[in-house]
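First the structure, in the form of structure tokens, and then the observations on it.
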Amino acid sequence: MPNLIGGILLGFIWQFIFTSAFKAIASSLNLNFFNGWLSDPNTGFWGIVILFVWQMSGYIMLIYVSFLNAIPQNTIQAARLDGANKWQALLFIKLPQLAPAFTISLFLTLANSFKLYEQNLALTNGGPYRSTEMISMYIYNTAFVNFQQGYAQAAGIILFLCVTLVSFLQLALSRRREK
Numbered sequence: 001m002p003n004l005i006g007g008i009l010l011g012f013i014w015q016f017i018f019t020s021a022f023k024a025i026a027s028s029l030n031l032n033f034f035n036g037w038l039s040d041p042n043t044g045f046w047g048i049v050i051l052f053v054w055q056m057s058g059y060i061m062l063i064y065v066s067f068l069n070a071i072p073q074n075t076i077q078a079a080r081l082d083g084a085n086k087w088q089a090l091l092f093i094k095l096p097q098l099a100p101a102f103t104i105s106l107f108l109t110l111a112n113s114f115k116l117y118e119q120n121l122a123l124t125n126g127g128p129y130r131s132t133e134m135i136s137m138y139i140y141n142t143a144f145v146n147f148q149q150g151y152a153q154a155a156g157i158i159l160f161l162c163v164t165l166v167s168f169l170q171l172a173l174s175r176r177r178e179k
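Be aware that the sequence shown starts at 1, since it is given in the UniProt record's numbering, and climbs by one per residue.
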């Protein structure tokens, strides 16, 4: 599962992929698109997005599989007996019962994206030109590189409040759906 690999190690693995593996693909296929992903301010951020999606995908898949397994088979069989085809069973039975999984996955991914630090540090260190510097790295750099601890603490409290707000919003939406 990708989520079990540490952030620093994962950042270095993807740094190798983006620099060495993409360079080999670009030279063998004559595609300039794969050259310098992490050194370009326009594509460096997407490198972090790809890394984060890959890291979270295993955990999110577990959530979806557990919700799919929780759907009662007799409901699907009853729909089939009533004449529903596979698409109708998917649209009207499975997807509505997967709505809580979508909510959990969305807010879990959003909350974890606020806290993305190690992967960002190992992959790009916020560069080039601070184009990939995420909020947690900004707070760290403000406190320990620029020596503005008070400002960094204020930014950290705002980050904490944002993550807390996202978490409470997810909790409220989940409780409202359960009723």
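Just so it is clear, CB atoms sit at the ideal spot from N, CA and C, and this is done for glycine as well.
Spanning the alpha carbons of Ile25 and Val49 requires a straight line of approximately 20 Å.
Between the alpha carbons of Leu68 and Tyr151 lies a distance of about 46 Å. Listed in chain order, the non-local C-beta contacts of Ser39 below 7 Å within the same chain comprise Pro128, local neighbours out to five positions each way being set aside. Ranked by how close their Cα comes to the Cα of Thr19, the residues Trp37, Ser28 and Leu159 have Trp37 in first place. Every unbroken stretch of the alpha helix (DSSP H) spanning 4 or more residues and falling wholly within the stretch 102-170 is given here in chain order: 118-123 and 135-144. With contacts defined as CB atoms closer than 8 Å, Ala70 and Ile93 fail to qualify as a contacting pair.
In this model, Ile135 and Asn85 are separated by some 47 Å (Cα to Cα). With a cut-off of 8 Å on Cβ pairs, the stretch 50-62 is not in contact with the stretch 130-146, counting fewer than three such pairs.
Around the CB of Ser27, fewer than 16 other CB atoms lie within 10 Å, so the residue is classed as exposed.
Leaving aside the five residues that flank Ser131 on each side, the residues in its chain whose CB is nearer than 7 Å to its CB run, in chain order, Pro41, Gly44 and Phe45.
When C-alpha distances from Gly7 are compared across Cys162, Ile157, Tyr138 and Ser113, the shortest belongs to Ser113. Between the stretch 99-116 and the stretch 162-171, the count of Cβ pairs shorter than 8 Å is three or higher; the stretches touch. For a cut-off of 8 Å, the C-beta gap from Gln119 to Leu10 is around 6 Å, short enough to register as a contact.
For the 8 Å CB-CB criterion, Thr103 and Leu173 form a contact. Proximity to Pro96 across Leu171, Ala21, Ile139 and Pro72 peaks at Pro72, based on C-alpha coordinates. Looking at Leu91, Asn125, Pro100 and Val65, the one whose alpha-carbon comes closest to that of Arg176 is Pro100. A residue is called buried when at least 16 other Cβ atoms come within 10 angstroms of its Cβ; Ala122 meets this threshold and is buried.
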